[in-house]
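A.B. asks:
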Amino acid sequence: MYDLLWLIPFFPFLSAILLVVLGSRMPRAVNGAIGAGSIGLSAIITIIIGINFLTSPPEGHSYTQVLWSWIDVGNFTPAISFHLDALSLVMIFVITFVGFLIHLYSTEYMIKDEGYARFFAYMNLFVGAMLVLVLGDNLVLLLLGWEGVGLCSYLLIGFWYKKPENGYAARKAFVVTRVGDIAMLIGIFLLFMHTGTIHIQQILDMAPRIWVEGATIPVAASLLLLGGALGKSAQVPLQVWLPDAMAGPTPTSALIHAATMVTAGVYLIARTHVIFELAPAVMTIVAVIGLVTALIAGFTALTQTDIKRVLAYSTISQIGYMFLALGVGAFAAGMFHFMTHAFFKALLFLGAGAIIHALHEEQNMFRMGGIRKDMPVTFWTFLIGCASLAAIPLVTSGFYSKELILWKSFSSQLGSVWFYIFGALGAFITAVYTFRMVFLVFYGEKKTEISHLPGTRILLTLVVLAFFSTVAGFIELPHTMGDFTLFSNFMASVLPSVPVLEYSLGTEFLLQLIATLLVAVGIYIAYVLYVKNPEAVNNLTASPAGQGVYTFWSIGWGFDWLYDKVFVQPVIFISRINKQDFIDSIYHGIAFATEVLHRLFTKTQTGKVRWYAMVLVAGAIIVITLAVLL
Amino acid sequence: MSTTDLTALLPFIILAATTLIVVLVISFYRNHFITALLTVIGHAAAIAVLPSLSTITPRQVTPLMIIDDYSLFYIGLLTAASLIVSVLMYSYLQRREAQREEFYALLLIATIGSSALVTSSHFITLFIGLEVLTVSLYGMIAYLFTYDRPLEAGIKYLILAAASSAFLLFGMALIFAETGTMLFAELAEKLAADDDLRTVFILTGTGMMVVGIGFKLAVVPFHMWTPDIYEAAPAPVTAYLATVSKGGMFAILLRYFIELNVYAYETICFVFTVIAILSMFTGNILALLQNNVKRILAYSSIAHLGYILVAFLAGGALAAEAVTFYLVAYFITSLGAFGIVGLLIHNEREPEDVQDYRGLYVHRPWLSAVFTAMMLSLAGIPLTAGFIGKFYVLTAGVGAALWILVIVLVVNSAIGLYYYLRIVITMYSEPEETAAASGSLSQSLSVAGGVVLAFLMIILIWLGVYPEPLIAIIQDIAGRFGS
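Protein chains in written order, with our numbering: chain S, 23 to 652; chain U, 3 to 485.
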């Protein structure tokens, strides 16, 4: 049964090729069927393999499928081989299942777009690359998937390439993540150099034996890998590309934010957690970065007017929570939040897409409002997604995963009470901005008329995702609510839990209560400010201090401004004063020299036999002289 | 001569018999299709018996020929290339005015010569094999003798090849004069036993042989004929020149060097190092701004032989592996590239100018995809056989610490990219709506030629993605040379 593993990435790639080659000649219905169907097939196989894995796990809770070795020269033997364990299983389940739903949604959502086949080709390639990334058994495949994901994000963000700003957003995403990619590449080389192997499992086996905790190499390697993770997962300081990535079609945003791309960094750290554990200082950096990101992005989300940008910042913020979990050693908790987040964030993006479509492509929340009666399914599912994002207790999956992270950030050996305090603050802000969005979009007066209502495929997708956004949380319940740990038990074979300090149930309950109260207060504040008394907001932002803070938050804490001043302007300045690029002149010189040589050498090709014979003899004389006299 | 000996020679017997049949059929019933079909069947039969022969290898058949796995592999490679050329030439001759049928007899004889070359264990076989190949090639190059250019090319090749053969023969004579034997095995013993044998005679002899061999391989400074002949000969014959003729020579050069351990002669290795560097630079620089596709391919083949020499100079089992793999990749791409030029012949004119390919993508997306794949493979882009080959060569070079050669190779790969990509870009540019261009690009293609090209492209990408089986075979046969 596990033999089928290779088919999971194969189908997306196959259909991507089909769509590229034949897409424009086939009707849209066929394009859509191939595009979504291929991911559907992958999802079915994933589920079959998953059930098999749960009922009769393979030996050692992992399975490696070696298809063939690509090159077999010397010690360098990169194989096309896939590694299946609990971690990659969860990843591929989310990627294919959520990915399939997003594709299904897109078949309806994108139907009027002229680039229909191209869109599905990119999307399939994206999913395929992501699957290779998480299934790859060696660093070469990991890198291949990693770069593939980067390329596809570029293609999809700039999908409507005729508008220059979309192309700009695509380039920004590519360049910013590239900064991290370079760091990761060096990290990979470092690991390869010191372990002599490119097989991830071998490296992880060797690492604790050849390095002591806090040694230079694991610290350097984990820092470099972290750099890659920060870029792909849009964490501070490399988070600036993600809000602009909203330029792509909405299903693309859903795919980037929920199932692929931004979770690559989380996966990378979870996969190489052995190396990170050898560098406790780096672990703390991971946690701090996660927390800082969660807060910065949360505050920014409070001030956004574009619904997609609110969701974008909420993604950055939620990934921050995952990083916090990884940083305190609660790897399973991070993966748990990754899974629940994938469901509710896909739901929210797709719901937002449906709303935007219905309102003449309006994205500004302040020009929406009062549509809950007209779009009941969209409203209820969106509400479920928001409830999960805000972590409303007991009935949402987001609650269970976020509580687990907050509890671990407090109780883990690597945790601290400060992590908890700021984490809870983040949860409070999340509740505020999430329900600000709900109230602005669905309540109040209607400001834009609804032009067309979503069809069955869109609604079906939303309902399915809403269902999973609710129930996915029940597979892991905290100690205070039955101590049911199906998920972390399942992950234990790959991601062992870091020792936890002993605390009483009372403490845990108290902390949960605090976080819950904060969420409730947050929702209430949103209600007061945006439904009951909208004037209050205006008064707040009208005051000079309020205005300053508002502006500061709304531009994302000025990172774009800072980078513009520190990196972009100086580069432009230098290139301007260096228009007659003197470094270029070296290359021009080389090109010129080869050209001159070319003209010179061409003169030797006279076409005359006597000259050719002469050269032959001259060559013979030189060769014999060299052979004999040297 | 025992039955087993005859069995070992079965590929030769089949090819020779096919030649006779072809000649007889021509004299009684001229039919281009039947002649070509017989030729193809003969080639296929010769290839088909090869796997079964590996049970009796290695076998010394008379002192002259050795049939081992190495020769079998190369006979297979050369015959397969010859088969593909015969199909391409069939499509080509269908569009040209000529006496068509005799060509196949020449082709078969040339392939016999080239195959005999790789089995040599004696100077006589080496020379006779080479001459059988070369003399047939005169006829093949000038086959369309009613046209000026092929005829001129044939005569040029005749004069220069004869001169270079004289060098080769004289070199052999000198070595024979010094050692009293022409058997490789005995030569190896004598040279190994007695260091004093490194006399002027031996060194001069080897040097002269290098001239003859270098001419066949078209490496600098014996490359002058290459562009002229490549340009003027019919495109499929050019493909044959680039593959079968060079491949056979390289195979025997490698065997000769390893068996006689010529690697111990520093001066000879130095000569080859210089030749390799010069070939890489000269080939690539001459191709750089060239506008004639066939000349570009000619110059690029000079450079590619330089690359192979890098692996060759590394020595040892890895060298044999790398050389063989690279040759396979080079065969596929050369056959494919020249095959396309030949297939697109229109109104008695081959599309030689780069501009002739402008907009090929619009008229023939598949053909331009094949051409693109061939160019990318020549440039050594991953997921093609050319990349694996180049990687192999680099590994061999790095392993033997031939740093200068490796650096030159890398630099030249960069130069090479320019002219390969130039052809690719031209194919995907907007077509000019002139009647001449669209005429040659929009005519119907021969089915057989199309099938062969599709096959070549599949193999090319197959070997780029999944080279494991071929590598296993090559490692197996190269293992013999390892020690």
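We put the beta carbon where it would ideally sit given N, CA and C, even for glycine. These figures come from a predicted structure and were not determined experimentally.
Examine the Cβ distances between the region 472-487 of chain S and the region 353-371 of chain S and report whether three or more of them are shorter than 8 Å.
C.D. replies: Counting Cβ pairs under 8 Å, three or more are found: they touch.
A.B. asks: Among S:372, S:116, S:180, which has the Cα closest to the Cα of residue 141 (chain S)?
C.D. replies: Taking the first sequence and counting its residues from 1, the one referred to as residue 141 (chain S) is at position 119. For the residues S:372, S:116, S:180, the minimum Cα distance to residue 141 (chain S) belongs to S:180.
A.B. asks: Any C-beta of chain U sitting closer than 9 Å to the C-beta of residue 90 (chain S)?
C.D. replies: Here the question's residue 90 (chain S) lines up with position 68 in the first sequence. Yes, because at least one Cβ of chain U sits closer than 9 Å to the Cβ of residue 90 (chain S).
A.B. asks: Using Cβ-Cβ distances below 7 Å, what residues of the region 162-178 of chain U are close to chain S?
C.D. replies: Cβ contacts with chain S: 162, 165, 166, 169.
A.B. asks: Spell out a yes or no on whether the region 241-253 of chain S and the region 201-211 of chain S are touching, meaning 3 or more CB-CB pairs, one atom from each, closer than 8 Å.
C.D. replies: Yes, the region 241-253 of chain S is in contact with the region 201-211 of chain S.
A.B. asks: Where does residue 363 (chain S) fall in DSSP's three states?
C.D. replies: As a working mapping, residue 363 (chain S) is identified with position 341 in the first sequence. Helix, per DSSP.
A.B. asks: Between which two residues does the alpha helix (DSSP H) containing residue 87 (chain S) stretch?
C.D. replies: One-based indexing of the first sequence puts residue 87 (chain S) at position 65. From DSSP, residue 87 (chain S) is part of no alpha helix (DSSP H) but of the beta strand (DSSP E) over 84-91.
A.B. asks: Would you give the residue range spanned by the alpha helix (DSSP H) that residue 620 (chain S) belongs to?
C.D. replies: To locate residue 620 (chain S), count along the first sequence from 1; it is residue 598. From DSSP, the alpha helix (DSSP H) with residue 620 (chain S) extends over 604-626.
A.B. asks: In chain U, what lies closer than 9 Å to residue 627 (chain S) by C-beta?
C.D. replies: The residue labelled residue 627 (chain S) in the question sits at position 605 within the first sequence. Under the 9 Å cutoff, chain U gives 226, 229, 230, 288, 297.
A.B. asks: Does the distance from the C-beta atom of residue 169 (chain U) to that of residue 210 (chain U) stay below 9 Å?
C.D. replies: Within the second sequence, residue 169 (chain U) is the residue found at index 167, counting from 1. Within the second sequence, residue 210 (chain U) is the residue found at index 208, counting from 1. Their beta carbons are under 9 Å apart, which means residue 169 (chain U) touches residue 210 (chain U) by this criterion.
A.B. asks: Output, in sequence order along the chain, the residues in the region 374-403 of chain S whose CB is closer than 7 Å to any CB in chain U.
C.D. replies: The region 374-403 of chain S vs chain U, Cβ under 7 Å: nothing.
A.B. asks: Ignore the nearest five residues each way along the sequence and tell me which others in residue 228 (chain U)'s own chain have a CB closer than 8 Å to its CB.
C.D. replies: Taking the second sequence and counting its residues from 1, one reaches residue 228 (chain U) at position 226. So the qualifying residues of the chain are 220, 300, 301, 303, 304.
A.B. asks: So residue 210 (chain U) is in the beta strand (DSSP E); what residue range does that whole segment cover?
C.D. replies: Here residue 210 (chain U) refers to the residue found at position 208 of the second sequence. Segment 202-219 is the alpha helix (DSSP H) holding residue 210 (chain U); no beta strand (DSSP E) there.
A.B. asks: Can you list, in chain order, the residues of its chain with a C-beta nearer than 8 Å to that of residue 222 (chain S)? Leave out the 5 residues immediately preceding and following it.
C.D. replies: Here residue 222 (chain S) refers to the residue found at position 200 of the first sequence. Counting only Cβ-Cβ distances below 8 Å, and skipping sequence neighbours, we find 105, 158, 159, 160, 161, 164, 293, 294.
A.B. asks: Can you pull the chain S residues whose beta carbon is under 8 Å from the beta carbon of residue 273 (chain U), in chain order?
C.D. replies: Position 271 of the second sequence, counted from the start, is the residue given in the question as residue 273 (chain U). Correct list: 645, 648, 649.
A.B. asks: Going by CA-CA distance only, name the one from S:612, S:632, S:628, S:651 that's closest to residue 287 (chain U).
C.D. replies: By 1-based counting over the second sequence, the position of residue 287 (chain U) is 285. Among S:612, S:632, S:628, S:651, the Cα nearest to that of residue 287 (chain U) belongs to S:612.
A.B. asks: Note down, in chain order, every chain S residue with its Cβ under 9 Å from the Cβ of residue 417 (chain U).
C.D. replies: For the purposes of this step, residue 417 (chain U) is taken as the residue at position 415 of the second sequence. Within chain S, the residues near residue 417 (chain U) are 616.
A.B. asks: Just confirm the distance between the C-beta atoms of residue 412 (chain S) and residue 456 (chain S), as a whole number of angstroms; I'd bet it's less than 8 Å.
C.D. replies: Here residue 412 (chain S) refers to the residue found at position 390 of the first sequence. Here residue 456 (chain S) refers to the residue found at position 434 of the first sequence. Between residue 456 (chain S) and residue 412 (chain S) the Cβ distance is about 4 Å, and since that is below 8 Å, they are a contact.
A.B. asks: Would you list, in sequence order, the uninterrupted alpha helix (DSSP H) runs of no fewer than 4 residues that lie entirely inside the region 31-67 of chain U?
C.D. replies: With a minimum length of 4 residues, the continuous alpha helix (DSSP H) runs that stay inside the region 31-67 of chain U are 34-55.
A.B. asks: Expressed to the nearest angstrom, what Euclidean distance is found between the alpha-carbon atoms of residue 289 (chain S) and residue 283 (chain S)?
C.D. replies: Against the first sequence, residue 289 (chain S) aligns to sequence position 267. Against the first sequence, residue 283 (chain S) aligns to sequence position 261. Roughly 10 Å separates the two Cα atoms.
A.B. asks: For residue 348 (chain U), which beta-bridge partners are listed by DSSP?
C.D. replies: The sequence position of residue 348 (chain U) within the second sequence is 346, counting from 1. Answer is U:351.
A.B. asks: So the candidates are S:475, S:381, S:275, S:129; which of them puts its Cα closest to the Cα of residue 332 (chain S)?
C.D. replies: Here residue 332 (chain S) refers to the residue found at position 310 of the first sequence. Answer by Cα proximity: S:275.
A.B. asks: Closest to residue 157 (chain U) by C-alpha separation, out of S:630, S:651, S:91, S:530, would be which residue?
C.D. replies: Here residue 157 (chain U) refers to the residue found at position 155 of the second sequence. Residue 157 (chain U) has its Cα closest to that of S:630, out of S:630, S:651, S:91, S:530.
A.B. asks: In whole angstroms, what separates the C-alpha of residue 335 (chain S) from that of residue 397 (chain S)?
C.D. replies: Your numbering for residue 335 (chain S) matches position 313 in the first sequence. Your numbering for residue 397 (chain S) matches position 375 in the first sequence. Computed Cα separation, rounded: 25 Å.
A.B. asks: Given this structure, state the Cα-to-Cα distance separating residue 109 (chain U) from residue 41 (chain S), to the nearest angstrom.
C.D. replies: By one-based count along the second sequence, residue 109 (chain U) stands at place 107. By one-based count along the first sequence, residue 41 (chain S) stands at place 19. Near 43 Å, if we compare the C-alpha coordinates of residue 41 (chain S) and residue 109 (chain U).
A.B. asks: In chain U, which residues lie with their C-beta within 7 Å of the C-beta of residue 637 (chain S)?
C.D. replies: Here residue 637 (chain S) refers to the residue found at position 615 when the first sequence is read from its first residue. Within chain U, the residues near residue 637 (chain S) are 223, 226.
A.B. asks: Determine, using beta carbons only, whether residue 458 (chain U) and residue 343 (chain U) come nearer to each other than 9 Å.
C.D. replies: Sequence index remark: in the second sequence, residue 458 (chain U) carries index 456 (1-based). Sequence index remark: in the second sequence, residue 343 (chain U) carries index 341 (1-based). Against a cut-off of 9 Å, the Cβ pair of residue 343 (chain U) and residue 458 (chain U) comes out as no contact.
A.B. asks: Using a C-beta cutoff of 9 Å, does residue 147 (chain S) count as contacting chain U?
C.D. replies: To locate residue 147 (chain S), count along the first sequence from 1; it is residue 125. So no, residue 147 (chain S) is outside the interface.
A.B. asks: Counting only beta-carbon atoms, is residue 623 (chain S) nearer than 9 Å to chain U?
C.D. replies: Reading the first sequence from its first residue, position 601 is the one you call residue 623 (chain S). Taking Cβ atoms only, chain U reaches closer than 9 Å to residue 623 (chain S), which makes this a yes.
A.B. asks: Mind checking if residue 642 (chain S) is an interface residue toward chain U, Cβ cutoff 9 Å exclusive?
C.D. replies: If you number the first sequence from 1, residue 642 (chain S) lands on position 620. Residue 642 (chain S) counts as touching chain U.
A.B. asks: Kindly indicate the opening and closing residues of the alpha helix (DSSP H) around residue 316 (chain S).
C.D. replies: Position 294 of the first sequence holds residue 316 (chain S). From DSSP, the alpha helix (DSSP H) with residue 316 (chain S) extends over 302-324.
A.B. asks: If contacts are defined as beta-carbon pairs under 8 Å, then residue 530 (chain S) and residue 507 (chain S) qualify, I think. What distance do you get, rounded to the angstrom?
C.D. replies: Numbered from 1 along the first sequence, position 508 holds the residue referred to as residue 530 (chain S). Numbered from 1 along the first sequence, position 485 holds the residue referred to as residue 507 (chain S). Contact flag wrong, Cβ pair sits at about 14 Å.
A.B. asks: Could I get the ranges of all uninterrupted alpha helix (DSSP H) runs contained in the region 198-222 of chain S, with 4 residues as the minimum, in chain order?
C.D. replies: Fully enclosed alpha helix (DSSP H) runs of 4 or longer: not present.
A.B. asks: Based on DSSP bridge pairs, tell me the residues matched to residue 478 (chain U).
C.D. replies: What you label residue 478 (chain U) is simply residue 476 of the second sequence in a count that begins at 1. Beta-bridge pairing links residue 478 (chain U) to no other residue.
A.B. asks: In the DSSP assignment, find the beta strand (DSSP E) that holds residue 125 (chain S) and state where it starts and stops.
C.D. replies: One-based indexing of the first sequence puts residue 125 (chain S) at position 103. Residue 125 (chain S) -> not in any beta strand (DSSP E); alpha helix (DSSP H) instead, spanning 108-131.
A.B. asks: Per the DSSP calculation, residue 188 (chain U) is bridged to which residue(s)?
C.D. replies: As a first step, residue 188 (chain U) is located in the second sequence; it is residue number 186 there, counting from the start. Note: residue 188 (chain U) sits in no beta bridge, so no partner.
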